[in-house]
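Read top to bottom, the protein sequences are chains R and V.
Under the working numbering, the letters of the first sequence match residues 1 to 515, in that order.
Under the working numbering, the letters of the second sequence match residues 516 to 1030, in that order.
Every residue gets a Cβ at the ideal spot worked out from N, C-alpha and C, and that includes glycine.
On a predicted model such as this, the values are computed, not experimentally measured, just so you know.
Structure, as structure tokens:
Number of protein chains: 2
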Amino acid sequence: MVNAAGRTIPDLKDLGLIGFRGIEAEPLQKTMASRLVRSTADYPADGNKRVESLKAALKNAGLRDGMTISTHHHMRNGDALASQIFAAVRELGVKDVVWFPSAVFPCHEALIPYLEDGTIHHIEGSLNGPLGDYASRGRMRGLAILRSHGNRYRSIQDGDVHVDIAVIAAPSSDHFGNCTGAFGKSACGGLGFAVADSEYADHVIVVTDNLVEFPCAPWQIPGNLVDQVVEVDSIGDPAQIVAGTTVLTSSPERQRIARLAAEFVSAAGIVREGWSFQAGAGGISLSFVVYAQQIMEREGIRASFARGGSSQYLVDMLEKGQIGAILDGQTFDLDGVRSLRENPKHVMTTPFNSYNYHTKGNFASMLDCAVLGATEVDVNFNANVVTHSDGRLLHGIGGWQDALFSQCTILAVPSLRNRVPIIRDELTTLCGPGELIDVIVTERGIAINPKRGDLIEAVNGSGLPLKSIEEIQEESERLAGGKPELVQREENLIGLVTWVDGTVIDTIQQVNTQS
Amino acid sequence: MVNAAGRTIPDLKDLGLIGFRGIEAEPLQKTMASRLVRSTADYPADGNKRVESLKAALKNAGLRDGMTISTHHHMRNGDALASQIFAAVRELGVKDVVWFPSAVFPCHEALIPYLEDGTIHHIEGSLNGPLGDYASRGRMRGLAILRSHGNRYRSIQDGDVHVDIAVIAAPSSDHFGNCTGAFGKSACGGLGFAVADSEYADHVIVVTDNLVEFPCAPWQIPGNLVDQVVEVDSIGDPAQIVAGTTVLTSSPERQRIARLAAEFVSAAGIVREGWSFQAGAGGISLSFVVYAQQIMEREGIRASFARGGSSQYLVDMLEKGQIGAILDGQTFDLDGVRSLRENPKHVMTTPFNSYNYHTKGNFASMLDCAVLGATEVDVNFNANVVTHSDGRLLHGIGGWQDALFSQCTILAVPSLRNRVPIIRDELTTLCGPGELIDVIVTERGIAINPKRGDLIEAVNGSGLPLKSIEEIQEESERLAGGKPELVQREENLIGLVTWVDGTVIDTIQQVNTQS
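So, in structure tokens, the structure goes:
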């Protein structure tokens, strides 16, 4: 069948999935997932839920073959918990576990042996780096079902995904399970990605390397949702939180892109008193923040709030009074952790607040602008953020789809990557529909989506290098020596890209290992 | 039928209720209440949910005859919202609304005309003062179903009570509905009693007299759960928060009771490094805190946490480092409000965290001691907290039942009230089973529940005036000139006292208006 985005989707009834139906379709579910009623009579009256090891906790939780275990990426590339979990699962002789992480990082290459030996059946979630490459080569059993951060929350809330056992890495916890990421030797900031799991999983295990006196106050996740608490030597290395996608770009070309994006929002009148913005992970987005700050400083403009990925750059603006609040989805560096802990206007948000599409509004659509990356864009402004043009699934989907709902969504991207034009006639993988993508900023110029006549008019006469998307495409094709070809892939399906409402917007095939 | 506490209960199948089954019975429900899935597509993309009036908001919410509207008592006797709501309901011509407040106060006498004219069918909840008297005289249609704070949360969570429209009075809110009680001219502290309603009601209206720029950060209730926001001139008078039950006792007799309670916990070894305590509303309980503080100061002891009703007394201890944290259930005075706002170790908790019996443990059972009041106690340590010996329903049930789960529950009560002995052979109304009540402290002496041999041994030789409960009963009967008679009441049922799990522990009859 062909879905509402024009992509061909196989019959996925067995997985309970259907194709994308357009961006404003009604929810498929009438009621949220049912949750079991518990009784305090079944938990220790003194609140002490400590058990001696992760292995014992998994056993107490009734771990069986085929169950789903979830984890979260607050420690980013410093995570040391997932490996400990699956070592314990293997020791218990349990097989075919579905791993449901909120994101994976290069450090999780260490889990490939558990996929190989059958301990893990498949990873249900966004993949990147070594695990994405592994799946792309058809090595993983089961499909990588890619869900954005908001969609991951929604999928748990709506009951698409049932988590049997959630394991939450907590930089500080008390013996009851009240826990936070704001304190402790492994402080990572917010624990927002674990909130859905804490609410809906059958069994919740908190693992900490900093057990504190009750109450661990203020907590981010209440112990009332927690079954067991385990103390370990280390949940990870917080220095590795600043990994990959959270350093400023040093490339002059990418700096130009970031500067053009900032000049665009300024010229379009978006940078005005009380405006709001979001900058995603990635060097260009982070550099955009620095340029935007310069404009705001020059013009004496204050933003009402910024969404992030909090970083030293946003923290600096908050502390200077240039933004009213940081609504923090995940903490990208240690300045962010400190600010989240100390500044009441630096608020931990969760994918529920920011991104869940199935609630009474979320923060994403309130943003005046969001500056995001992409791996490919087509001439209709549709975009890809997960696969490379060689077909390999190398990037996490993050909150990218959710953030597309901002009032002005800008993809700030180089026109060529490894000499391959990123503006194409057809995408390798569709992740976001063009009707939600307003502007493409490249080092060669800025293309505004024709449906945004208001933006075109607003920047008329600004002196910015405005071009049609076809013009930028032609220029880059000229430089590259022709159009990029659509990669040939195997028939074998290795992943599904789902939309924020859980429908399937595209498929990902195994790469052609002969080519 | 006779329930597990020995009280006769009529057949309540039509109400979906059954009799008390003992204190550790399994939950009646397997799964929590189902909740509707919403879509952000149905809410304003810019987050602005303001409507022009409460009346318009109720109309938009689809208010119909017989629906249930909930409110909350954070403004205590200063509440000005309930009257505004029912004035609007009456203007809309809607009848037979069930009002589901988290508590009522004397100011709510103003709602009697709405009960009289059929706007309100009945009040489903704890009653006291003028409304309790009104119901006691058989004037209210429908039953007052008394639920403790924890049981109110549980009843919503488990689906016993379905709230059609929750109206939340918010001292500060933004246009999206992110709201808090910590700031604003009507700042009242925490909004914890509204959390269940915000999560489970079909429709949520936030009413504020301080609309702030988005985001209202930090919020206590997220706007993602809110349908509409209404601005009004005033939600109430915060000076009236300190109402009735939140001033120190000035009676020498009651001060002696408070002092004896403090000396008891000290002698029993409960006041030790890292201990925890809860003192309820009421002059004796508050005075207990002051005496306990003196002991702690003298002996250099620090408590790990205190639960309250936060007041200037707890705040003082927190600021002096005598307690590690305040887990605040409701804010009893303006010092409490300030501290909640400024001190990260003064944490807003909700009935979910503190008291919900149907979750993975709550804070109540972790307390080393709780000092509470009562209107009557029987010789088996069963107690009443809602009716007077004349049968009238004059006191709210509050979190009293929930707090009974502490490791040492002390009822600190005068032996006589208006010359009527409070220790009786039989209670007018049973609210709490004696197996959860450990100590009765009166001005005439201290009676320890015989099942607490450990406590009896611990205070052996302490010089405290220890007596059997029968001795205190006899002394007070001698002074009163005899045993109190059990009041004769009409057959007509006017209320039900439910236990923390939702079962019916006792009934309340109409008072005999002839006598």
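Terminal residues of the continuous alpha helix (DSSP H) containing residue i?
i: residue 665(V); result: 664-672
i: residue 510(R); result: It is not in any alpha helix (DSSP H) - residue 510(R) instead sits in the beta strand (DSSP E) that spans 504-511.
i: residue 260(R); result: 252-267
i: residue 827(V); result: 827-834
i: residue 335(R); result: 334-342
i: residue 473(R); result: 469-480
i: residue 569(V); result: 569-575
Return the chain-ordered list of same chain residues with a C-beta closer than 6 Å to the C-beta of residue i, the five sequence neighbours on each side being excluded.
i: residue 70(R); result: 100, 163, 166, 197
i: residue 280(R); result: 372
i: residue 341(R); result: 182
i: residue 488(R); result: 512
i: residue 374(R); result: 383, 385, 411, 413
i: residue 971(V); result: 963
i: residue 202(R); result: 164
i: residue 644(V); result: 621
i: residue 444(R); result: 415, 472, 475
i: residue 902(V); result: 908, 943, 944
Mark residue i as exposed unless 16 or more other C-beta atoms lie within 10 angstroms of its C-beta, in which case mark it buried.
i: residue 969(V); result: exposed
i: residue 517(V); result: exposed
i: residue 509(R); result: buried
i: residue 239(R); result: exposed
i: residue 1001(V); result: exposed
i: residue 931(V); result: buried
i: residue 250(R); result: exposed
i: residue 425(R); result: exposed
i: residue 15(R); result: exposed
i: residue 567(V); result: exposed
i: residue 788(V); result: exposed
Could you list which residues in chain R have their beta carbon closer than 8 Å to that of residue i, in chain order?
i: residue 1080(V); result: Since the first residue of chain V shown is 516 and the last is 1030, residue 1080(V) is not available in this structure.
i: residue 1018(V); result: Those within 8 Å of residue 1018(V) in chain R number zero; the least Cβ separation is about 13 Å.
i: residue 859(V); result: 217, 218
i: residue 877(V); result: 40, 224
Whose Cβ in chain V lies nearer than 8 Å to the Cβ of residue i?
i: residue 366(R); result: 560, 561, 562, 691, 729
i: residue 304(R); result: 728, 729, 730
i: residue 158(R); result: 552
Since residue i is in the beta strand (DSSP E), which residue starts that stretch and which ends it?
i: residue 351(R); result: From DSSP, residue 351(R) is part of no beta strand (DSSP E) but of the alpha helix (DSSP H) over 351-354.
i: residue 101(R); result: 97-101
i: residue 275(R); result: 275-279
i: residue 520(R); result: Outside the shown range of chain R, which is 1 to 515, sits residue 520(R), and nothing can be said about it.
i: residue 863(V); result: 861-863
i: residue 70(R); result: 68-71
Name the chain R residues that come within less than 9 Å of residue i, Cβ to Cβ?
i: residue 867(V); result: 222, 224
i: residue 973(V); result: Neighbours of residue 973(V) on chain R: none; closest Cβ ~18 Å, over 9 Å.
i: residue 873(V); result: 37, 38, 39, 40
Name, please, each residue of chain V whose Cβ falls closer than 9 Å to the Cβ of residue i.
i: residue 29(R); result: 552
i: residue 529(R); result: Past the boundaries of the shown model lies residue 529(R); chain R is included only from 1 to 515, so the question cannot be answered.
i: residue 209(R); result: Going along chain V, no residue has its Cβ under 9 Å from residue 209(R), so there is no contact; the nearest lies around 21 Å.
By the criterion of Cβ-Cβ separation under 7 Å, what are the contact partners of residue i in chain V?
i: residue 26(R); result: 554
i: residue 227(R); result: 875
Please work out which residues of its chain come closer than 7 Å, Cβ to Cβ, to residue i, disregarding the five sequence neighbours upstream and downstream, and give them in chain order.
i: residue 81(R); result: 71, 167, 169, 207, 235, 236
i: residue 9(R); result: 1, 3, 19, 504, 507
i: residue 776(V); result: 803, 886, 925, 927, 956
i: residue 255(R); result: 249, 287
Can you pull the chain R residues whose beta carbon is under 7 Å from the beta carbon of residue i, in chain order?
i: residue 840(V); result: 215, 217
i: residue 969(V); result: By Cβ distance, chain R contributes nothing, its closest Cβ being about 15 Å from residue 969(V), past 7 Å.
Output needed for residue i: all residues of its chain with C-beta closer than 8 Å, excluding positions within five of it in sequence on either side, in chain order.
i: residue 700(V); result: 686, 724, 725, 753
Query raised in the report: Should the segment 423-443 of chain R be called in touch with the segment 378-397 of chain R, which here means at least 3 C-beta pairs below 8 Å?
Result: Contact between the segment 423-443 of chain R and the segment 378-397 of chain R is present, because at least three Cβ pairs lie under 8 Å.
Requested in this report: Evaluate contact between the segment 774-794 of chain V and the segment 802-811 of chain V, counting only Cβ atoms and requiring at least three cross-stretch pairs below 8 Å.
Outcome: Because the criterion of three Cβ pairs below 8 Å is met, the segment 774-794 of chain V and the segment 802-811 of chain V touch.
Query raised in the report: Is it a yes or a no for the segment 26-39 of chain R touching the segment 48-65 of chain R, going by three-plus beta-carbon pairs under 8 Å?
Result: Taking a contact to require three or more Cβ pairs closer than 8 Å, the segment 26-39 of chain R and the segment 48-65 of chain R do not qualify as touching.
Query - Segment contact flag, the segment 205-224 of chain R with the segment 360-367 of chain R, C-beta cutoff 8 Å, min 3 pairs - result: Segments in contact, no.
Query raised in the report: Taking contact to mean at least 3 C-beta pairs separated by less than 8 Å, is the segment 687-704 of chain V in contact with the segment 622-634 of chain V?
Result: Touching, no.
Query raised in the report: For the segment 143-158 of chain R against the segment 491-498 of chain R, are there 3 or more C-beta pairs whose distance is under 8 Å?
Result: Under the Cβ criterion (8 Å, minimum of three pairs), the segment 143-158 of chain R counts as touching the segment 491-498 of chain R.
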